[in-house]
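Chains A and B, in that order, are what the protein sequence lines are.
Residues 1 to 379 (our numbering) make up the first sequence, in order.
Residues 1 to 387 (our numbering) make up the second sequence, in order.
Heads up, the thing below is written out as structure tokens.
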Amino acid sequence: MTENLPRTARPLRVLAAMSGGVDSAVAAARAVEAGHDVTGVHLALSANPQSFRTGARGCCTIEDSRDARRAADVIGIPFYCWDLAERFREDVVEDFVAEYEAGRTPNPCLRCNEKIKFAALLDKALALGFDAVCTGHYATIVEKEDGTREMHRASDMAKDQSYVLGVLDEKQLAHALFPLGDTVTTKDEIRAEAERRGLAVAKKPDSHDICFIADGDTQGFLAKRLGKAEGDIVDGATGEKVGTHDGAYGFTIGQRKGLRIGHPAPDGKPRYVLDISPVNNTVTVGPVEALDVTALTAIRPRWCGSTPAPAGTYTYTAQLRAHGGETEVFAEVVDGELHVRFTEPVRGVAPGQAIVLYDGTRVVGSATIATTTRATAAV
Amino acid sequence: MAYLDHAATTPMLPEAAAAMTAQFAATGNASSLHAAGRRARRTVEEAREALAEALGGRPSEVVFTAGGTEADNLAVKGLYWSRRDADPARTRVLASPVEHHAVLDAVHWLAEHEGAEVEYLPVDHHGRVRPEAFREAVERNPDDIALATVMWANNEIGTVMPVRELAAVAREHGIPLHSDAVQAVGQLDVRFGDSGLAAMTVSGHKIGGPYGIGALLLGRDQTPVPVLHGGGQERHVRSGTLDVPAIAAFAVAAVLAAERRERFAAEVGALRDELIRAVLAAVPDAVLGGDPEDRLPANAHFSFPGCEGDSLLLLLDAQGIECSTGSACTAGVAQPSHVLLATGTDPQLARGTLRFSLGHTSTKEDVAAVAAAIGPAVARARTAGLS
Chain A
1 MTENLPRTAR
11 PLRVLAAMSG
21 GVDSAVAAAR
31 AVEAGHDVTG
41 VHLALSANPQ
51 SFRTGARGCC
61 TIEDSRDARR
71 AADVIGIPFY
81 CWDLAERFRE
91 DVVEDFVAEY
101 EAGRTPNPCL
111 RCNEKIKFAA
121 LLDKALALGF
131 DAVCTGHYAT
141 IVEKEDGTRE
151 MHRASDMAKD
161 QSYVLGVLDE
171 KQLAHALFPL
181 GDTVTTKDEI
191 RAEAERRGLA
201 VAKKPDSHDI
211 CFIADGDTQG
221 FLAKRLGKAE
231 GDIVDGATGE
241 KVGTHDGAYG
251 FTIGQRKGLR
261 IGHPAPDGKP
271 RYVLDISPVN
281 NTVTVGPVEA
291 LDVTALTAIR
301 PRWCGSTPAP
311 AGTYTYTAQL
321 RAHGGETEVF
331 AEVVDGELHV
341 RFTEPVRGVA
351 PGQAIVLYDG
361 TRVVGSATIA
371 TTTRATAAV
Chain B
1 MAYLDHAATT
11 PMLPEAAAAM
21 TAQFAATGNA
31 SSLHAAGRRA
41 RRTVEEAREA
51 LAEALGGRPS
61 EVVFTAGGTE
71 ADNLAVKGLY
81 WSRRDADPAR
91 TRVLASPVEH
101 HAVLDAVHWL
111 AEHEGAEVEY
121 LPVDHHGRVR
131 PEAFREAVER
141 NPDDIALATV
151 MWANNEIGTV
161 MPVRELAAVA
171 REHGIPLHSD
181 AVQAVGQLDV
191 RFGDSGLAAM
201 TVSGHKIGGP
211 YGIGALLLGR
221 DQTPVPVLHG
231 GGQERHVRSG
241 TLDVPAIAAF
251 AVAAVLAAER
261 RERFAAEVGA
271 LRDELIRAVL
281 AAVPDAVLGG
291 DPEDRLPANA
301 HFSFPGCEGD
311 SLLLLLDAQG
321 IECSTGSACT
331 AGVAQPSHVL
341 LATGTDPQLA
351 RGTLRFSLGH
361 TSTKEDVAAV
371 AAAIGPAVAR
381 ARTAGLS
């Protein structure tokens, strides 16, 4: 398994980001096994009062921090807790709220990778003399003969996390280690490996929620932050008001549940969120076909690894949301923006989410979806 | 390895370890009346006498506890309760703002739950409570004070408090003064009997004894309300079966600490002075924390502008130099030390602190290791900056 680590030619000084979960613990253990000089660090990120700084000092109160420390002790590496809560609040949490407020649907995990783990943390690690940051992400870094790097999907497509890492550039990739990336395995096997290594986190449940919304209630979190702002739900075809909502920010394009529309549509079919307009606080709904998107533009493209910005139009596959499927696209860079056409219409494309382009398994780049072109003129 | 964190805990003295292991082989509850119990009781009482003598107190003034934290809690809460029970007007608690958390959090708890009005005494920029300031706080209204608590010497920056002078002021008004002397024993001339204190906390593992054992030296006229209720051991102030092996070893360590104190203070003080010189030579803008003269002989504390203490800790740890940013409990998530903030240190500067604390195993080589490593470590930590 250790041959999967890139740059094994020499031992590196590695800072292993340890969340307290099983993946990052096994990743750190594998980095040690590969001969690297590993130091563990737990990032205190969450300002969630239930888990962080409950007491006067926020000292060792976090269960995750304790789990990470225990894992580090078992692996036999030094361990530190770094407080990046302020950076996290500024770069991830505030961005998350602002994006929803603007009617978009952000991906905070991607943002955290871009701004915290492979920026604030990596910068500090490099300054302190480390060569690389190691995480428990599932993605593969391929080092080519010319020394440049590519990122590929994890061998196990079901666990692949390249979508939330597609924002990493060459410099970031050059200092990243994903020891789990090439694992053709199941989560059970990772757990078994953790068990074999004596790591108590082997049985710890996976976390799926947004880490700074401990109870999983994103709507409640946003409502607390943004306040109640009642507005209209209108039918996209007729312009008729069909209901009210407590704040347009609480919706995502393609959403069906929770619309609370009193009477059914004339055709009796369910209605979906087609558009969110924060300016007039209106949510537009319509039939599922109206969600079909034929093209989109995306801003702030970042080219993964050493891939240069592609000139001309290329055919790639694209992933439009975490855990989403792949779809074939024609992509072109126009004036610094990414213009994408779909060979077949796709549904539920939400501005604010990332579009990640792939050439086979290779990550080409990532950009933030700004506008979409609908197949029908329902909105 | 250069272990320079003796203020967190210091290696057990071989004599103490021998005394402890000898007791492991024996059985007997010191409260039992049979022969095994009598043997245990004799061991405990001989230890109590030895410890009392080493600390300048009387055997009857020694209340064994499970460590410094418990002794602090017993003194602060117990004396608050008993003094308030005797006169409900007594709810004011005077405390220095640079106390260890075992005291600070206990008085904070009294404020939150028991109606205490906690008044933090002013300290100078070395973290010292001046007797005049203490007198002012006391004489504003001596009748509403439940107790006062001021540590003998600060665990982070090493400043020594004028405990005897403070105790004299408290005595004038019949107010009990408690002092946490955990860091002072073995380094300073700590004698409970002529200190004027009502209560004094000491701990085993800071002086070469075992963990999990400490004592509250408690004046015979003091009757704190117990924190732990039970079998009525230790003057009915602290219930619980006595830990005979730990008590025996603690007494051995205390006796040796007292015997060796002057020589220890001179030798370790010289090493410590050398360490301070070396650090200030390598990092000229480093700021020595605490009183430059009147400080614990084994303590050196610095603030390094533009660095995170955590970064320095990591860099030194990687080179086998073991020290601390402050007290161990705040080492989870980096926060500016309450001690430094109380002394008026700039909060940014207070983030870049290191405490080197020497002890009975310290050598010139330890100091040389710090002298060689500190300059490059600070330079590197500065590039990482204050995140």
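Every residue, glycine too, gets a C-beta built ideally from N, C-alpha and C.
Annotation for A/Met151: the continuous beta strand (DSSP E) segment containing it runs 149 to 153.
B/Thr363 sits exposed, since fewer than 16 C-beta atoms from the chains shown fall within 10 Å of its C-beta.
Distance between B/Ala111 and B/Ala170, taken at the CA atoms: about 21 Å. For the segment 73 to 106 of chain A, the set of residues with a beta-carbon nearer than 8 Å to any beta-carbon of chain B comprises Pro78, Tyr80, Cys81, Trp82, Asp83, Leu84, Arg87, in chain order. Around A/Leu43, the same chain offers Trp82, Leu84 as residues with beta carbons nearer than 6 Å, after the five sequence neighbours per side are excluded. Within 7 Å of the CB of B/Ser357, no CB atom of chain A is found; the nearest one sits about 20 Å away. For the 9 Å CB-CB criterion, A/Pro345 and A/Thr307 do not form a contact. With a cutoff of 9 Å on beta-carbon distance, A/Gly166 and A/Met151 are scored as near each other. In the displayed model, B/Met161 falls within coil according to three-state DSSP, outside both helix and strand.
Taking C-alpha positions only, B/Gly290 is separated from B/His338 by approximately 13 Å. By the rule that beta-carbons nearer than 9 Å mark a contact, B/Gly196 does not touch chain A.
The C-beta distance from B/Val268 to B/Leu358 rounds to 5 Å, short enough to fall under 8 Å. In the structure shown, the three-state DSSP call for A/Gln172 is helix. Annotation: the continuous alpha helix (DSSP H) that includes B/Gln23 extends over 14 to 24. Counting along the chain, B/Asp221 sits inside no alpha helix (DSSP H), nor does DSSP assign it H or E at all. Interface residue (Cβ-Cβ distance to chain A less than 9 Å): B/Asp310 is classified as such. Collapsing the DSSP output to three states places A/Phe79 in a strand. For the pair B/Leu340 and B/Glu156, the CB atoms are nearer than the 9 Å cut-off. Burial is judged here by how many other beta carbons sit within 10 angstroms of a residue's own beta carbon; A/Lys115 has at least 16 and is buried. B/Thr383 belongs to the set of residues whose beta carbon lies under 9 Å from a beta carbon in chain A. The segment 140 to 151 of chain B makes contact with the segment 160 to 179 of chain B, as at least three CB pairs between them are under 8 Å. For A/Val14, the uninterrupted beta strand (DSSP E) segment begins and ends at 13 to 17.
With three or more CB-CB distances shorter than 8 Å, the segment 262 to 276 of chain B counts as touching the segment 364 to 384 of chain B. Beta-bridge annotation (DSSP): A/Gly348 is not paired with any residue. By a beta-carbon distance limit of 8 Å, A/Thr313 does not contact A/Ala298. Their separation comes to about 15 Å. Contact annotation, B/Pro224 with B/Leu79: C-beta distance approximately 5 Å; criterion of less than 8 Å satisfied.
For A/Ala127, at least one C-beta of chain B is nearer than 9 Å to its own C-beta. Excluding five sequence positions before and after A/Thr343, the CB atoms of its chain that fall closer than 8 Å to its own CB belong to Thr327, Glu328, Val329, Phe330, given in chain order. Rounded to whole angstroms, the gap between the alpha carbons of B/Val279 and B/Phe302 is 9 Å. Of A/Leu177, A/Arg66, A/Arg362, A/Thr317, the smallest CA-CA separation from A/His36 is found for A/Leu177. Put simply, the segment 251 to 271 of chain B does not touch the segment 88 to 103 of chain B. Fewer than three CB pairs are less than 8 Å apart.
Between the segment 2 to 20 of chain B and the segment 356 to 363 of chain A, the count of Cβ pairs shorter than 8 Å is below three; the stretches do not touch. The Cβ of B/Leu110 sits no closer than 9 Å to any Cβ of chain A. Taking a Cβ-Cβ threshold of 9 Å, the residues of chain B close to A/Lys124 are Glu308, Ser311, Ala384, Gly385, Ser387, in chain order. For the segment 194 to 259 of chain A, the continuous alpha helix (DSSP H) assignments of 4+ residues that do not extend past its boundaries occur at 218 to 226, in sequence order.
A residue is called buried once 16 or more other Cβ atoms fall within 10 Å of its Cβ, and A/His175 is buried on that count.
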